[in-house]
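In UniProt numbering, the protein residues as written are 1 to 264.
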């Protein structure tokens, strides 16, 4: 099996002065928090949907052994209105509560939901290769599990109870929308996001500015608290405390297209 370190090193060197695009495969490296801990945004496998930063496992120059768990594809925003309506009505219809829809209307909602998914696929192909700018809203698809990084604003995090829960979600929803915000003042909304930049990932529902009235907005956050069943892993949640994520390029959008000839 090929080692991943050279590929990551190439991303840091050859692509250092390039910009991020829709379709790029990236990893997110959390800079030192209050306790000095660092690590990659990762997961605990295909079954466990929790997100974490495993402390002491890897660095930008030396990725961890399970680096595939750390890879995300940058995607444009999916639309969910029709799918959400269908999911809600289907659930109520199956339970026999609250739904006044008949089979025919439910079937129409299903068709609308399928068309919405098709439109999302078309939008991805249309946006593929577009440069990411600060202020752009994106989704992050976990490559290994094919699930979206998602904030659950009505659910508290398991460990840090004043934070919102963050998981991987198969279909995604509006909680999967993140606005890319700059960490440093020399970057501003509208500037292109470069490889190796440090960014904040703010849920779309929090708006487009990291600071509001002098207060830090809710954002993707590496907690100081460890997972109860995995002490080496720090919980990743959504909290109004800053976490700086360094964006590292693993695979450029046009390196994985079916019509690109690859050397073995």
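Glycine included, every Cβ here is placed at the ideal spot set by N, Cα and C.
Bear in mind the structure is a predicted one, so any value in this text is a computation, not a measurement.
Beta-carbon contacts of residue i that lie in its chain and below 6 Å, excluding the five residues immediately before and after
i           : result
residue 206 : 217 and 218
residue 74  : 22, 24 and 138
residue 113 : 82, 83 and 86
residue 122 : none
residue 94  : none
The beta strand (DSSP E) enclosing residue i, as first and last residue numbers
i           : result
residue 148 : 147-156
residue 159 : That residue, residue 159, is in no beta strand (DSSP E); it is neither H nor E in DSSP.
residue 246 : 245-251
residue 40  : 39-43
residue 198 : 198-203
residue 137 : 137-142
residue 70  : Careful: residue 70 lies outside any beta strand (DSSP E) and carries neither H nor E.
residue 181 : 178-182
Residues that DSSP places opposite residue i in a beta bridge
i           : result
residue 234 : 53 and 226
residue 218 : DSSP, once it has assigned bridges, lists no residue as partnering residue 218.
residue 27  : 248
residue 21  : 131
residue 59  : 62
residue 75  : 139
residue 239 : 219
residue 192 : 133
Nearest neighbour of residue i, chosen from the options [CA to CA]
i           : options               : result
residue 37  : 20, 56 and 45         : 56
residue 137 : 103, 83 and 22        : 22
residue 269 : 74, 75 and 89         : Outside the displayed span of the chain (1 to 264) sits residue 269, for which this structure offers no information.
residue 265 : 231, 153, 241 and 83  : Outside the shown range of the chain (1 to 264) lies residue 265, about which nothing can therefore be said.
residue 237 : 46, 51, 35 and 47     : 51
residue 152 : 47, 169 and 27        : 169
residue 221 : 20, 39 and 59         : 39
residue 20  : 165, 192, 149 and 47  : 192
residue 178 : 188, 150, 164 and 167 : 150
residue 27  : 227, 202, 53 and 111  : 53
Nonlocal neighbours in the same chain, by C-beta distance under 7 Å from residue i, ignoring five residues either side
i           : result
residue 190 : 133, 134 and 135
residue 85  : 109
residue 16  : Low confidence applies to residue 16: its pLDDT is 48, below 50, so where it sits in the model is not reliable enough to give any reading.
residue 69  : 42, 43 and 144
residue 141 : 72, 73, 75 and 148
residue 124 : 75 and 76
The alpha helix (DSSP H) enclosing residue i, as first and last residue numbers
i           : result
residue 171 : Segment: none, residue 171 is in no alpha helix (DSSP H) and carries neither H nor E.
residue 107 : 103-127
residue 93  : 81-95
Contact with chain C by residue i, beta-carbon distance below 8 Å
i           : result
residue 204 : In the structure shown, chain C does not exist; there is a single protein chain.
Same chain, Cβ closer than 8 Å to residue i, neighbours up to 5 away in sequence not counted
i           : result
residue 162 : 156 and 239
residue 116 : 79, 80, 81, 82 and 83
Report task. Pair every Cβ in the region 53-65 with every Cβ in the region 158-173, then say whether three or more of these pairs are closer than 8 Å. Result -> no
Report task. Decide yes or no for the touch test of the region 196-207 against the region 230-250: beta carbon pairs closer than 8 Å, at least 3 of them. Result -> yes
Requested in this report: Kindly confirm or deny that the region 180-195 and the region 141-159 touch, where touching means at least three C-beta pairs closer than 8 Å.
Outcome: no
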